[in-house]
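Worksheet for the structure shown next.
There are 2 protein chains.
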Amino acid sequence: MELKDLIDTRGEWMRGEGPDADIVISSRIRLARNLAQFPFLTRADDSVRSEIERTLHRHVVDLSLGGQISYFDINQLEGIDRQFLVERQLISRELAESHGSRGVCFTRRENVSLMVNEEDHLRIQVLHCGFELDECWQEISRIDDLLEERVTYAFDEELGYLTACPTNVGTGIRVSVLMHLPALVLTKEIQKVFQALQKISLAVRGLFGEGSQAMGDFYQISNQITLGNSEEQLLRKIKDVVPNIISYERKVRQALIKESRQALHDKVSRAYGTLKSAQSISSEETMHLLSSVRMGVNLGLIDDLEIPTVNDLFMHTQPAHLQKMRKTSLDSADRNAARASYLRQRLALPQDRTDA
Amino acid sequence: MELKDLIDTRGEWMRGEGPDADIVISSRIRLARNLAQFPFLTRADDSVRSEIERTLHRHVVDLSLGGQISYFDINQLEGIDRQFLVERQLISRELAESHGSRGVCFTRRENVSLMVNEEDHLRIQVLHCGFELDECWQEISRIDDLLEERVTYAFDEELGYLTACPTNVGTGIRVSVLMHLPALVLTKEIQKVFQALQKISLAVRGLFGEGSQAMGDFYQISNQITLGNSEEQLLRKIKDVVPNIISYERKVRQALIKESRQALHDKVSRAYGTLKSAQSISSEETMHLLSSVRMGVNLGLIDDLEIPTVNDLFMHTQPAHLQKMRKTSLDSADRNAARASYLRQRLALPQDRTDA
Numbered sequence: 166m167e168l169k170d171l172i173d174t175r176g177e178w179m180r181g182e183g184p185d186a187d188i189v190i191s192s193r194i195r196l197a198r199n200l201a202q203f204p205f206l207t208r209a210d211d212s213v214r215s216e217i218e219r220t221l222h223r224h225v226v227d228l229s230l231g232g233q234i235s236y237f238d239i240n241q242l243e244g245i246d247r248q249f250l251v252e253r254q255l256i257s258r259e260l261a262e263s264h265g266s267r268g269v270c271f272t273r274r275e276n277v278s279l280m281v282n283e284e285d286h287l288r289i290q291v292l293h294c295g296f297e298l299d300e301c302w303q304e305i306s307r308i309d310d311l312l313e314e315r316v317t318y319a320f321d322e323e324l325g326y327l328t329a330c331p332t333n334v335g336t337g338i339r340v341s342v343l344m345h346l347p348a349l350v351l352t353k354e355i356q357k358v359f360q361a362l363q364k365i366s367l368a369v370r371g372l373f374g375e376g377s378q379a380m381g382d383f384y385q386i387s388n389q390i391t392l393g394n395s396e397e398q399l400l401r402k403i404k405d406v407v408p409n410i411i412s413y414e415r416k417v418r419q420a421l422i423k424e425s426r427q428a429l430h431d432k433v434s435r436a437y438g439t440l441k442s443a444q445s446i447s448s449e450e451t452m453h454l455l456s457s458v459r460m461g462v463n464l465g466l467i468d469d470l471e472i473p474t475v476n477d478l479f480m481h482t483q484p485a486h487l488q489k490m491r492k493t494s495l496d497s498a499d500r501n502a503a504r505a506s507y508l509r510q511r512l513a514l515p516q517d518r519t520d521a
Numbered sequence: 166m167e168l169k170d171l172i173d174t175r176g177e178w179m180r181g182e183g184p185d186a187d188i189v190i191s192s193r194i195r196l197a198r199n200l201a202q203f204p205f206l207t208r209a210d211d212s213v214r215s216e217i218e219r220t221l222h223r224h225v226v227d228l229s230l231g232g233q234i235s236y237f238d239i240n241q242l243e244g245i246d247r248q249f250l251v252e253r254q255l256i257s258r259e260l261a262e263s264h265g266s267r268g269v270c271f272t273r274r275e276n277v278s279l280m281v282n283e284e285d286h287l288r289i290q291v292l293h294c295g296f297e298l299d300e301c302w303q304e305i306s307r308i309d310d311l312l313e314e315r316v317t318y319a320f321d322e323e324l325g326y327l328t329a330c331p332t333n334v335g336t337g338i339r340v341s342v343l344m345h346l347p348a349l350v351l352t353k354e355i356q357k358v359f360q361a362l363q364k365i366s367l368a369v370r371g372l373f374g375e376g377s378q379a380m381g382d383f384y385q386i387s388n389q390i391t392l393g394n395s396e397e398q399l400l401r402k403i404k405d406v407v408p409n410i411i412s413y414e415r416k417v418r419q420a421l422i423k424e425s426r427q428a429l430h431d432k433v434s435r436a437y438g439t440l441k442s443a444q445s446i447s448s449e450e451t452m453h454l455l456s457s458v459r460m461g462v463n464l465g466l467i468d469d470l471e472i473p474t475v476n477d478l479f480m481h482t483q484p485a486h487l488q489k490m491r492k493t494s495l496d497s498a499d500r501n502a503a504r505a506s507y508l509r510q511r512l513a514l515p516q517d518r519t520d521a
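Protein sequence lines correspond, in order, to chains R and A.
Count along the first sequence starting at 1, add 165, and that's the number in the numbering used here.
Count along the second sequence starting at 1, add 165, and that's the number in the numbering used here.
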């Protein structure tokens, strides 16, 4: 499979299905693992890095991950292809921007990805659309077990899994849920959510994880602590809190509909109108407007658009996706024009053209 | 004829035809006249006002003004109907908001209107779409002569026509041209135009004349001085300066097209998109967006819309027009919703429905 083939398919997190998909875009679990026989990457020279990469490459492509899998040597990829993988949530920004031997293995369905030589030797990620953490947990445990049959992880009886950064020591798990919370943002109620999450040591991040800004009203809720609790306890914490946020967002949406339906309808319709008519539009404005439109579709204020199409637009209007679709490198101004042109074209088409 | 019949026809200034109609909406001349046998209105009691109104009413409806004419007793009209006439440029705000006996006589084509008991006993107005001052002058001279055969104007050998306000003494003429200058506004070059006009004692006003704000990039250029020059000299001054402003606006439009075509296209398209999609929109925002769209149509950046339709929208989205179309009184919020609904409906329709 070539990277460009991904453009025409909808990755796992774009499918717009699964439980509570109106608010929960995707559920994700990742495990940080290191091989016992090698030093952490901060203390590994280039040849050791390469050896780690070769070792893990051999093992991960051999796993039964479900369906067709691909392995890419990140070092061999052009910048735009790395960015493309970041946009698809298949690799982290850190892996893209790092150096030396490193790679990623992922399934055609884009629900499983294994990053080699990111911060740790291995990062395993399983993602499901909608609110489906149990399924993610079952799947990632299975993959983790399969790997443990082949390699020896750095593990301490007392501390648990050892990781490059102390914040991941113990379980090495990060459980995260990507949520779309436009009504809480609009009413500024989101601040209360942040405060409540902070009190129970849960983190709130933007679409692209650590250090990224929240864009288009998307927030990732995840655990900060990995030590001292079992994986099941950490999972339970997120599983308990997310339904509260979902119902809070729904309640505020209904209140908005009830108390200021016309203002909301106006906001949503104008956003849709701008996306259909702009001749030049930035990535940030696109995210912002698509966020309004997504809420509008979910609330029945827009009736000629489907959520999977909106998700496609979120994905395809990102810089690397645009350039891969156009098969050329574009500067910022040209991307803004290409983005506007793509949006006009997609939004003028009948809805059955959702799978290209 | 009833006032509501006017809704379905396009008044003279909305026709969008005539010389330089891309920039000059309309040319207008008005004459201020008073009857010698009566005192000025500031010194007339109610019974004298009524007598003046009766006298002039009798004479004006008897003139040969071309086509069907109507006379309305402003005092008998509801507030919304007065506002309706203001919006159509058939009467001034002053006449609408004044009190006592007063009226207006106008032609079905809306190119001639005669206001009785505005600031002066009589205000004669002739309007042509496009830049056609000579035609206005011929027409208004004819009407003035016809009237002078029937009544005796207050006239002084030395001063000329006597008027209620000294600023109109002499010729009593106001020559004005309504121009659409979006490119000069966008580039802030309009300030230079203002300064140049001020030096030669020409006034710049908004759409509704004296004291009104410029809205939607519309400006009325008119003479300030009425005394010491002949009508022909005053006319000549405006006729000389307007072509310079026209070519200035055209030059700046072409420069914008050349240097920032995409930004201009984007601005115009977004304005069009917002008008087609808003669920609530104020009169001011509508004017502002229609102004962009009008320039877009004239520059070929919008190709599925005609200028007369844009002119219709300017007219019909005004408060009194909206309420007369809906046949009900609407508060501001309801007007904003009705305006948005009307715009969406008109802009979704094929272009041949321009004359309702």
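Positions of the beta carbon are idealized from the N, C-alpha and C atoms, including for glycine.
Note that the coordinates shown come from a computational prediction; the quantities given were computed from them, not determined experimentally.
Residue span of the alpha helix (DSSP H) that contains residue i, given as start and end
i                : result
ARG418 (chain R) : 396-442
ALA348 (chain A) : 347-351
ARG258 (chain A) : 258-262
ARG214 (chain A) : 211-225
ASP309 (chain R) : 298-313
ALA361 (chain A) : 355-364
Minimum C-alpha distance to residue i - residue among the options
i                : options                                   : result
PHE205 (chain R) : R:SER412, R:LEU327 and R:GLU313           : R:LEU327
SER306 (chain R) : R:VAL316, R:THR220 and R:GLN290           : R:GLN290
ASN501 (chain A) : A:GLU216, A:ILE172, A:LEU440 and A:PRO473 : A:LEU440
VAL226 (chain R) : R:ALA319, R:SER456, R:LEU311 and R:LEU454 : R:LEU311
ASP309 (chain R) : R:GLU283, R:LEU279, R:GLY295 and R:ASN333 : R:LEU279
GLU396 (chain A) : A:ARG339, A:ALA513, A:VAL269 and A:ASN282 : A:ARG339
PRO189 (chain A) : A:ASP496, A:ARG509 and A:ILE472           : Pro is not the amino acid found at residue 189 (chain A); the sequence shown has Val there. The shortest C-alpha separation from VAL189 (chain A) is found at A:ILE472.
GLN241 (chain A) : A:ALA503, A:ARG219, A:HIS224 and A:GLY268 : A:GLY268
GLU450 (chain R) : R:ARG491, R:ASP499, R:ASP468 and R:ARG504 : R:ARG504
GLN363 (chain R) : R:ASN394, R:VAL406, R:THR332 and R:LEU324 : R:VAL406
LYS404 (chain R) : R:ASP187, R:ASN199, R:CYS301 and R:ARG223 : R:CYS301
Beta-bridge pairing of residue i - partner residues as DSSP gives them
i                : result
LEU495 (chain R) : Note: LEU495 (chain R) sits in no beta bridge, so no partner.
ASP238 (chain A) : A:GLY268
LEU464 (chain A) : BP columns for LEU464 (chain A) are empty, so no partner.
ILE472 (chain R) : None; ILE472 (chain R) has no bridge partner.
MET280 (chain R) : R:VAL269 and R:ARG288
TYR384 (chain R) : R:MET344
HIS293 (chain A) : A:SER192
LEU200 (chain R) : R:TYR318
Below-8 Å beta-carbon distance, residue i vs any chain R residue
i                : result
SER497 (chain A) : no
ARG518 (chain A) : The pLDDT assigned to ARG518 (chain A) is 42, lower than 50, so where the model puts this residue is not dependable; a value taken from the coordinates is nonetheless given after this. No, because no Cβ of chain R sits closer than 8 Å to the Cβ of ARG518 (chain A).
ARG288 (chain A) : no
SER526 (chain A) : Coverage of chain A is limited to positions 166 through 521, which leaves residue 526 (chain A) absent and any answer about it impossible.
ALA521 (chain A) : Residue placement at ALA521 (chain A) is poorly supported in this model, since its pLDDT is 38, which falls under 50; the coordinates still yield a value, given next. No, ALA521 (chain A) lies away from the interface with chain R (no Cβ there is under 8 Å from its Cβ).
ILE461 (chain A) : What sits at residue 461 (chain A) in the sequence shown is Gly, not Ile. So, not an interface residue.
HIS430 (chain A) : yes
SER457 (chain A) : no
THR474 (chain A) : no
THR439 (chain A) : yes
SER445 (chain A) : yes
LEU464 (chain A) : no
beta-carbon residue i near the ligand COA non-hydrogen atom, thresh 7 Å
i                : result
ALA436 (chain A) : Within the structure as shown, the ligand COA is missing, as the structure has no ligands at all.
Chain A contact for residue i (CB, 8 Å cutoff)
i                : result
ALA502 (chain R) : yes
SER442 (chain R) : yes
GLN510 (chain R) : no
TYR507 (chain R) : no
GLN389 (chain R) : no
SER425 (chain R) : no
For residue i, the first and last residue of its enclosing beta strand (DSSP E)
i                : result
ASN333 (chain R) : ASN333 (chain R) -> no beta strand (DSSP E), and no H or E assigned at all.
ALA368 (chain R) : 367-370
Whole-number beta carbon distance between residue j and residue i, since they are thought to touch under 8 Å
i                : j                : result
SER425 (chain R) : HIS345 (chain R) : With 8 Å as the limit, SER425 (chain R) and HIS345 (chain R) do not qualify as a contact, their Cβ atoms being about 20 Å apart.
GLY183 (chain R) : GLU297 (chain R) : 5 Å
GLY295 (chain A) : ASP185 (chain A) : 6 Å
ALA550 (chain R) : SER387 (chain R) : Past the boundaries of the shown model lies residue 550 (chain R); chain R is included only from 166 to 521, so the question cannot be answered.
GLU167 (chain A) : GLU275 (chain A) : Not quite, the Cβ-Cβ distance comes to about 14 Å (not below 8 Å), so this is no contact.
Partners in chain C for residue i, counting only beta-carbon separations shorter than 8 Å
i                : result
SER448 (chain A) : Of the protein chains in this structure, namely R and A, none is chain C.
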